[in-house]
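J.: Input: one structure, supplied below.
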Amino acid sequence: MKKNSMKPAVLPLVLAAAFFVFTAPLCAAAENGAGKTLILYYSLTGNTRAGCEALQKALQADIIEIRDRTNRSGRWGFVRSAFGSLLGLHTAIEPEHPDMTAYGTIILGSPVWTGKLSMAVRTLIDKNSFDGKRVIVYTTTNAYEQEKHKEKSRNLVRKKGGTVAGYYQVLAREEKNGEKVARSREQIVVDTLEMVPEIRTLLSAE
Ligand SMILES: Cc1cc2nc3c(=O)[nH]c(=O)nc-3n(C[C@H](O)[C@H](O)[C@H](O)COP(=O)(O)O)c2cc1C
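To convert a position in the sequence shown, counted from 1, into our numbering, add 3.
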């Protein structure tokens, strides 16, 4: 008699405990923003913006544009950018400290400047902590970066506490009839979207 009357009382307790055990880590992950993705990008001429906006829609991520407060337009803007980049200088950016607390994954979007991430994105990395963040680097570039250059960029993120989970590059120029020509924004977007299934796999990994 006693044995039978215990059963109905124990079952809800066991179910409640199991529910707690299985859902507590998920709730904690949600609070840490483990499942959410933020895209932080800089773009001077629009290629990286086009790619990052496509990523944002495909991944349903949040997105913040990092603006460089220095005027980099025109030929003089190019020259000062190239020299500043060569020298490894930083630049004034806005926002300086985007709020990353709600996100587990940060996608850093940048053009490649003199074999490095743009000055704005290097400054962003330097001024912020990426502790506990999974970082995916996305670049647009005229020519594929050498592995040693990519590794330097990864190390910038690692120094600030982030784990680099992926590094993607989309070409902004291609050779046609022996000539280097700009690729269209549509082509950049198509190439970017081809990377999405792999990025989704990265995002779903622990
Ligand atoms: C100052 C400067 C330096 C650049 N240096 C490189 C380079 O070293 N290698 C390369 O492949 N492309 C280089 N580029 C080309 C850009 O990486 C490429 O055009 C990129 O898609 C631009 O992105 P955005 O339109 O988002 O600014 C450079 C562009 C600028 C403005």
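Glycine included, each C-beta is placed from N, C-alpha and C at the ideal position.
1. Roughly how many angstroms lie between the CA atoms of G169 and E56, to the nearest whole one?
2. Going by DSSP, name the residue or residues bridged to T142.
3. Let's see if you can read the secondary structure: which residues bound the alpha helix (DSSP H) around E197?
4. Of all the options K60, T166, T144, which has the alpha carbon lying nearest to the alpha carbon of V138?
5. Give me the residue from S121, R161, E150 with the minimum Cα distance to H93.
6. Are there any heavy atoms of ligand 1 lying less than 7 Å away from the beta-carbon of W79, as far as the coordinates show?
7. How many angstroms separate the CA atom of T117 from the CA atom of G38?
8. Following a CB-centred definition, is A175 positioned closer than 7 Å to any heavy atom of ligand 3?
9. Check whether the Cβ atoms of I69 and V115 lie closer than 8 Å to each other.
10. For chain C, find out if any of its Cβ atoms is closer than 8 Å to the Cβ of R186; answer yes or no.
11. Taking the C-alpha atoms as reference points, what is the distance between V199 and E154?
12. Flag this pair as yes or no: are the beta carbons of Y141 and T40 separated by less than 8 Å?
13. Which partner residues does A95 have in the DSSP bridge list?
14. If you run the structure through DSSP and keep just helix, strand and coil, what is D129?
15. Drop a sphere of 10 angstroms on the beta-carbon of K136, count the other beta-carbons inside from all chains shown, and report buried for 16 or more, exposed for fewer.
T.: In this structure, then:
1. 18 Å
2. S113, Q172
3. 188-197
4. T166
5. S121
6. no
7. 34 Å
8. The model depicted lacks ligand 3 and carries ligand 1 instead.
9. no
10. The question asks about chain C, but that chain is absent: this structure has only one protein chain.
11. 22 Å
12. no
13. Paired residues: none, contrary to the question.
14. helix
15. buried
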